[in-house]
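Visitor: Have a look at the structure that comes next, please.
Number of protein chains: 2
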Amino acid sequence: MEAKQTILVVDDDKSIVELLRDFLENEGFSVKIAHDAKRALVVLEENAIHALILDIMMPGQSGFELCRQIRAESDVPILFLSARSDDIDKIRGLALGGDDYIVKTASPGEIVARVKAVLRRSHSQPKRNVIDYDRLTLDLSTREVLLDGQSVSLTPKEYDLLRLFAEHPKHVFTYEQLLERFWEGVGDKHTVRVQLSRLREKIEPNPNAPQFIKNVWGIGYCFKGE
Amino acid sequence: MEAKQTILVVDDDKSIVELLRDFLENEGFSVKIAHDAKRALVVLEENAIHALILDIMMPGQSGFELCRQIRAESDVPILFLSARSDDIDKIRGLALGGDDYIVKTASPGEIVARVKAVLRRSHSQPKRNVIDYDRLTLDLSTREVLLDGQSVSLTPKEYDLLRLFAEHPKHVFTYEQLLERFWEGVGDKHTVRVQLSRLREKIEPNPNAPQFIKNVWGIGYCFKGE
DNA sequence: CAAAAAAGTCACAAAACGATCACAACATTT
DNA sequence: AAATGTTGTGATCGTTTTGTGACTTTTTTG
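Chains as they are written, first to last, in my numbering: chain G, 1 to 226; chain R, 1 to 226.
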């Protein structure tokens with residue numbers, strides 16, 4: 001007794017778009033098409049879109065940039081589409097807010113399954129804006145951070161960093177990725193270290209033996225959520 | 001049923017580039033051009049490239065060096081292009097990460113066939129980010145290494161070495177190749193031995209009788225994955 | 001079997017890396 | 001404009017990693 005769900009497919013490659021449209025319509029989805037980022041935003045505005053499939057590589061504005069723009073306003077599930085699966089590690093590292101990642105060579109069945117999976121997730125969990133670990137809690141809507149129930153006041157950069165880490169536990173972020181994301185690519189590893197040192201000072205029960213933000217030698221940092 | 005694949009051709013010789021472009025476009029590939037290494041990296045960054053054709057001899061940075069740089073971040077198939085066929089023997093075994101080698105005098109048909117072959121190979125193996133042997137597991141995205149399920153902490157160099165070996169089981173790497181790849185060509189065989197000794201200490205169940213990294217007398221080392 | 005060459009191990013020093021402090025530059029608020 | 005808070009840079013110190021030399025063990029060869 002469900003209404004038809006609408007998926008927006010964004011890719012400049014028409015053959016891929018057609019392919020995906022076939023798969024998805026066969027499974028009972030309604031499909032909208034956009035061939036570039038600008039058009040995608042328009043379609044998104046004018047239709048009730050339940051999920052997006054987004055090509056990373058597109059002429060003009062990239063899928064990355066588009067994702068960021070969409071995320072600024074909406075939490076609609078986004079699936080990234082990439083030609084090469086080794087891109088996917090890089091994308092995960094960038095933590096752009098994609099909900100899943102598909103390789104273009106994936107089978108029709110797999111693609112449809114992934115789409116259904118993110119839809120299921122987004123339905124059952126109508127947006128969680130609190131990240132909760134044993135002792136540490138982030139409220140994403142108010143930017144409030146609690147350590148053992150006590151409010152901790154973080155600067156903007158500290159909070160943004162912590163949020164990225166807390167949203168991706170166990171993932172190793174390289175210095176380069178962090179610089180890319182928080183310092184527009186210009187800057188020094190040292191800057192990252194100092195910033196994280198200050199963050200630890202505030203959120204680590206014992207900053208000398210960090211529990212949450214761990215260093216990975218020669219590479220970068222990683223968040224451990226128990 | 002497949003999307004257009006994009007090939008990046010890197011060669012300073014414009015006539016060769018044009019020739020290759022014609023061949024490949026005739027076969028339905030999309031072709032990008034770069035005349036030097038620097039430009040190639042930019043193009044690679046900005047486009048979804050499915051394979052590279054790389055001239056070995058180029059002014060400035062050589063094809064070797066470029067290949068190494070690319071391999072540091074990606075597993076995109078690389079075909080080397082050389083004027084003389086006797087160069088090619090030298091290149092093979094250098095373990096630079098090239099996937100095939102073409103002589104410049106090869107026929108259009110052969111070149112296209114080679115390109116298609118590497119593409120097929122790279123597709124059928126959708127690039128795993130976990131390398132799994134019976135007792136040893138590498139997670140390429142988190143750089144985590146497990147021995148019998150137990151986490152092993154490796155230094156950056158140890159991990160990089162292990163990864164190379166684990167990715168190319170049964171392949172014999174000479175001291176020279178290892179020095180070339182991990183020590184920028186400067187260094188001593190002794191350094192390699194010590195480094196591998198330390199690595200064995202950590203990953204070999206019995207370091208006195210190595211199971212994974214075996215020595216090849218007088219030549220170098222080799223990884224046995226059962 | 002002995003000598004030579006290659007490989008392995010250990011210990012120590014040099015180099016690279018990470019954490020922290022202090023201070024200056026910059027932005028924000030009042 | 002002063003006060004306050006935030007962020008980047010330089011200096012310093014402790015830690016981890018890595019290269020080198022001395023020494024031992026193993027393998028090859030005559």
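Backbone N, C-alpha and C fix where the C-beta goes; we use that ideal spot for every residue, glycine too.
Nothing here was measured: the structure is a model prediction, and the numbers come from that model.
Taking buried to mean at least 16 other C-beta atoms within 10 Å of its own C-beta, is K104 of chain G buried or exposed?
Guide: That one is buried.
Visitor: Can you tell me whether N215 of chain G is helix, strand or coil according to DSSP?
Guide: Strand.
Visitor: Taking 9 Å as the CB-CB limit, is S74 of chain G close to chain R?
Guide: Cβ-Cβ to chain R under 9 Å: no for S74 of chain G.
Visitor: What does the alpha-carbon distance come out to for the pair V118 of chain R and Q5 of chain R?
Guide: The straight-line gap from Cα to Cα measures roughly 12 Å.
Visitor: Sort G:L44, G:A48, G:V115 by Cα distance to L66 of chain G and report the nearest one.
Guide: Comparing Cα-Cα distances from L66 of chain G to each of G:L44, G:A48, G:V115, the minimum goes to G:L44.
Visitor: With which residues is Q5 of chain G paired in a DSSP beta bridge?
Guide: The partner list for Q5 of chain G (beta bridge, DSSP) is empty, contrary to what the question assumes.
Visitor: Can you look up A95 of chain R in the DSSP assignment and give me helix, strand or coil?
Guide: Confidence in A95 of chain R is poor, its pLDDT being 47 and thus under 50, which makes the residue's placement unreliable; the coordinate value appears in the next sentence. In the structure shown, A95 of chain R sits in coil (DSSP, three-state: anything other than H, G, I, E or B).
Visitor: For K170 of chain G, which residues in the same chain have their Cβ closer than 8 Å to its Cβ, ignoring the five residues on either side in sequence?
Guide: If we look at K170 of chain G and ignore the five residues flanking it on each side, its Cβ neighbours are C222, F223, K224, G225.
Visitor: Per DSSP, which one or two residues make a beta bridge with Y101 of chain G?
Guide: Y101 of chain G is bridged to G:F80.
Visitor: Restricting to Cα atoms, I'd like to know which of R:V76, R:P205, R:R163 is closest to S82 of chain G.
Guide: When each option's Cα is compared against that of S82 of chain G, the closest is R:V76.
Visitor: If you draw a straight line from the alpha carbon of I213 of chain G to that of E201 of chain R, how long is it in whole angstroms?
Guide: Cα to Cα, the separation comes out at about 28 Å.
Visitor: With a threshold of 7 Å on Cβ separation, who are the neighbours of G149 of chain R within its own chain once the five nearest residues in sequence on each side are excluded?
Guide: Excluding sequence neighbours, G149 of chain R sits near nothing in its chain.
Visitor: Indicate the three-state DSSP secondary structure (helix, strand or coil) for A166 of chain G in the structure shown.
Guide: Residue state, collapsed to three classes: helix.
Visitor: Between the C-alpha atoms of E158 of chain G and V115 of chain G, what's the straight-line distance to the nearest angstrom?
Guide: Distance between the alpha carbons of E158 of chain G and V115 of chain G: 34 Å.
Visitor: Keeping to the same chain, check which residues put their C-beta closer than 7 Å to that of A273 of chain R; ignore five residues upstream and five downstream.
Guide: The structure shown has nothing for residue 273 of chain R, since chain R only spans 1 to 226.
Visitor: Have a look at F64 of chain R and I131 of chain G and give me their C-alpha separation to the nearest angstrom.
Guide: The straight-line gap from Cα to Cα measures roughly 47 Å.
Visitor: Which one of R:F173, R:R143, R:S62, R:L136 has the shortest CA to CA distance from W217 of chain R?
Guide: Of R:F173, R:R143, R:S62, R:L136, the residue nearest in Cα terms is R:F173.
Visitor: Is V10 of chain R helix, strand or coil by DSSP?
Guide: The answer is strand: DSSP assigns V10 of chain R an E or B state.
Visitor: I need the straight-line Cα distance from H135 of chain G to R68 of chain G, nearest angstrom please.
Guide: According to the sequence as given, residue 135 of chain G is Arg; it is not His. Their backbone Cα atoms lie some 30 Å apart in a straight line.
Visitor: Using a Cβ-Cβ cut-off of less than 9 Å, give me the residues of the stretch 212–223 of chain G that come near chain R, in sequence order.
Guide: So the close ones are V216, W217, G218, I219, C222.
Visitor: Exposed or buried, which one is R143 of chain R when buried takes at least 16 other CB atoms within 10 Å?
Guide: Result: buried.
Visitor: Taking a cut of 8 Å between CB atoms, which residues from the stretch 162–174 of chain G lie near chain R?
Guide: So the close ones are K170, H171, V172.
Visitor: Compare the beta carbon distance of D22 of chain R and D55 of chain R with 9 Å and say whether it is the shorter of the two.
Guide: Taking 9 Å as the Cβ cut-off, D22 of chain R and D55 of chain R do not qualify as a contacting pair.
Visitor: Give every residue of the same chain whose Cβ lies closer than 7 Å to the Cβ of D160 of chain R, excluding the five residues on either side of it in the sequence, and list them in chain order.
Guide: Result list for D160 of chain R: F182, in chain order.
Visitor: How long is the line joining the alpha carbons of L140 of chain G and P207 of chain R, rounded to whole angstroms?
Guide: Spanning the two alpha carbons is a distance of roughly 49 Å.
Visitor: Return the first residue and the last residue of the beta strand (DSSP E) that P147 of chain R is part of.
Guide: Looking at the sequence shown, residue 147 of chain R is not Pro but Leu. From DSSP, the beta strand (DSSP E) with L147 of chain R extends over 144–147.
Visitor: Check distances from the C-beta atoms of the stretch 26–40 of chain G to those of chain R and list, in chain order, the residues that come in under 8 Å.
Guide: Listed in sequence order: no entries.
Visitor: Along the chain, where does the beta strand (DSSP E) containing Y221 of chain G start, and where does it finish?
Guide: 220–223 is the span of the beta strand (DSSP E), which, as asked, contains Y221 of chain G.
Visitor: With respect to the beta strand (DSSP E) encompassing S151 of chain R, which residues constitute its N-terminal and C-terminal limits?
Guide: Its beta strand (DSSP E) spans residues 150–152.
Visitor: How is S30 of chain R classed by DSSP in three states: helix, strand or coil?
Guide: Note: S30 of chain R maps to strand in three-state DSSP.
Visitor: For the alpha helix (DSSP H) holding A51 of chain G, just list the boundary residues, first then last.
Guide: Here A51 of chain G belongs to no alpha helix (DSSP H); instead the beta strand (DSSP E) covers 51–55.
Visitor: With DSSP as the reference, please indicate the residues paired to T174 of chain R in a beta bridge.
Guide: Answer is R:G220, bridged to T174 of chain R.
Visitor: Please list, in chain order, the chain R residues whose beta carbon lies closer than 9 Å to that of A83 of chain G.
Guide: Within chain R, the residues near A83 of chain G are A3, Q5, T6, A48, I49, H50.
Visitor: State buried or exposed for I111 of chain G, treating a residue as buried only when at least 16 other CB atoms are found within 10 Å of its CB.
Guide: So I111 of chain G counts as buried.
Visitor: So, using beta-carbon positions, are I53 of chain G and L19 of chain G closer together than 9 Å?
Guide: The answer is no: Cβ separation not under 9 Å.
Visitor: Closer than 7 Å, Cβ to any Cβ of chain G: which residues of the stretch 137–159 of chain R, in chain order?
Guide: So the list reads S141, T142, R143, T155, P156, given in the order they occur along the chain.
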